[in-house]
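Chemist:
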Amino acid sequence: MTTATNDFLQTARQIVGEAHLITESARMEKYCKGFRFGEGKALAVVKPGSLLEMWAVAQAAVKADLIIITQASNTGL
């Protein structure tokens, strides 16, 4: 991991709290595979509790030059 990646994870943890930042691959698995098709790898799953938290996490991701893929209910609709 790069310094920017580590900084992002630390910042995201501060923004949303430890309980809402998932970095263990076993716990991230259900978020990394589409309901109907597609799958990929992720650095982390961040579950913001408000629009302000989402905005702050997005800013941290941009600063770290990371890609954000949002996910809603994962129903395939």
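So for the sequence shown, my numbering puts the first residue at 5; every next one is plus one. We put the CB at the ideal spot given by N, CA and C, even for glycine. Just so it is clear, the structure is predicted and the values come from calculations on it, not from any experiment.
Which residue or residues does DSSP assign as beta-bridge partners of A43?
Modeler: In the sequence shown, the residue the question calls residue 43 occupies position 39. As written in the sequence, residue 43 is Glu, which differs from the Ala given in the question. The partner list for E43 (beta bridge, DSSP) reads K37.
Chemist: So is A8 buried or exposed if we call it buried at 16+ other beta carbons inside 10 Å?
Modeler: The residue labelled residue 8 in the question sits at position 4 within the sequence shown. Counting Cβ neighbours within 10 Å, A8 comes out exposed, since fewer than 16 surround it.
Chemist: Between which two residues does the alpha helix (DSSP H) harbouring E28 extend?
Modeler: Locating residue 28 in the sequence shown gives position 24, counting from the first residue. Where E28 is concerned, there is no enclosing alpha helix (DSSP H), given that its DSSP letter is neither H nor E.
Chemist: Quick test of your reading: A20 and K45, contact by CB under 8 Å. State the CB separation rounded to the nearest angstrom.
Modeler: Stepping through the sequence shown from its first residue, residue 20 is reached at position 16. Stepping through the sequence shown from its first residue, residue 45 is reached at position 41. The question names Ala, yet the displayed sequence has Val at residue 20. The Cβ separation is near 21 Å, so there is no contact.
Chemist: For the 8 Å Cβ check, are there 3 or more pairs between the stretch 28-42 and the stretch 57-68?
Modeler: Fewer than three beta-carbon pairs drawn from the stretch 28-42 and the stretch 57-68 are found closer than 8 Å, and the two stretches are therefore not classed as touching.
Chemist: Between G42 and I72, what straight-line distance do the alpha-carbon atoms span, to the nearest angstrom?
Modeler: What you label residue 42 is simply residue 38 of the sequence shown in a count that begins at 1. What you label residue 72 is simply residue 68 of the sequence shown in a count that begins at 1. Taking the straight line joining both Cα atoms gives about 16 Å.
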